[in-house]
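Working notes for the structure below.
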Ligand SMILES: Cc1cc2nc3c(=O)[nH]c(=O)nc-3n(C[C@H](O)[C@H](O)[C@H](O)COP(=O)(O)O)c2cc1C
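Numbering (the numbering used here), first residue to last: 14 to 226.
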């Protein structure tokens with residue numbers, strides 16, 4: 014099929030929708046919805062978010078002032094609340110109170126944990142960099158709070174119970190996860206043709222990069 018060159022834009026479909034929360038300089042909790050979120054390091058565990066610095070974003074200001082944030086994962090049943098936190102600003106109203114969400118202070122950083130969310134990462138800001146319109150903020154995860162309901166007996170998160178909200182930027186809509194389709198790090202193994210060659214390449218990488226998650 015013929016290929017078409019598209020108008021330049023960062024294609025982000027799909028991404029997981031998260032809620033980032035922080036205290037402002039008066040100690041008031043605010044939160045906003047983000048789709049620009051990624052895991053940026055395993056050791057130490059770090060996540061990176063990107064917030065538009067060319068627009069008024071109260072949460073951005075709060076994070077930079079407090080050097081901390083909490084990343085929360087909403088459940089598909091909280092899709093309307095999640096959308097609301099992404100269209101209204103904490104500069105205008107008390108968003109969290111308006112949707113009946115309540116918070117408590119994180120144990121490890123000065124940032125609010127939203128009690129209504131099943132999973133929260135308490136993060137200390139370790140790096141910021143501006144890329145175009147957005148400030149990328151990397152937070153080192155200092156504590157993870159998970160509702161027991163979403164954990165298996167090995168304390169691994171069961172995604173079918175977390176039920177994350179997937180955001181489709183191309184068509185501006187929310188989706189839910191589908192069914193598992195294959196085992197990761199296994200399903201590709203049978204396609205491996207030249208094992209020796211792959212092992213040689215791996216040896217050149219530092220130990221920390223070769224380690225499988
Ligand atoms: C689904 C969704 C995803 C969003 N993702 C981002 C994002 O990654 N970065 C960003 O700067 N704003 C993002 N926004 C917009 C902010 O959440 C929005 O501007 C919010 O009102 C800011 O609130 P605040 O002023 O209280 O911080 C998103 C909004 C929605 C609805």
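Even for Gly, the Cβ is constructed at its ideal location relative to N, Cα and C.
Residue i Cβ short of 8 Å to ligand 1 heavy atom set
i	result
residue 117	no
residue 64	yes
residue 39	no
residue 82	no
residue 142	no
residue 95	yes
residue 172	no
residue 88	no
residue 45	yes
residue 100	yes
residue 16	no
Range covered by the alpha helix (DSSP H) that runs through residue i
i	result
residue 96	92-100
residue 18	No alpha helix (DSSP H) contains residue 18, which DSSP labels as neither H nor E.
residue 173	172-175
residue 164	Careful: residue 164 lies outside any alpha helix (DSSP H) and carries neither H nor E.
Residue closest to residue i, alpha-carbon to alpha-carbon, out of the options
i	options	result
residue 71	167, 21, 44, 191	44
residue 114	192, 15, 126, 200	126
residue 170	130, 159, 19, 178	159
residue 79	197, 20, 137, 144	137
residue 150	36, 29, 62, 23	62
residue 20	183, 189, 204, 163	183
residue 95	108, 120, 67	108
residue 112	124, 118, 99, 177	99
Residue range of the unbroken beta strand (DSSP E) whose run includes residue i
i	result
residue 155	147-159
residue 186	186-188
residue 85	81-86
Self-check item: Unbroken stretches of the alpha helix (DSSP H), 4 residues or longer, contained in the stretch 33-79
Solution: 71-79
Quiz item: Taking the runs of the alpha helix (DSSP H) that are 4 residues or longer, which of them lie wholly in the stretch 103-136?
Solution: 108-111
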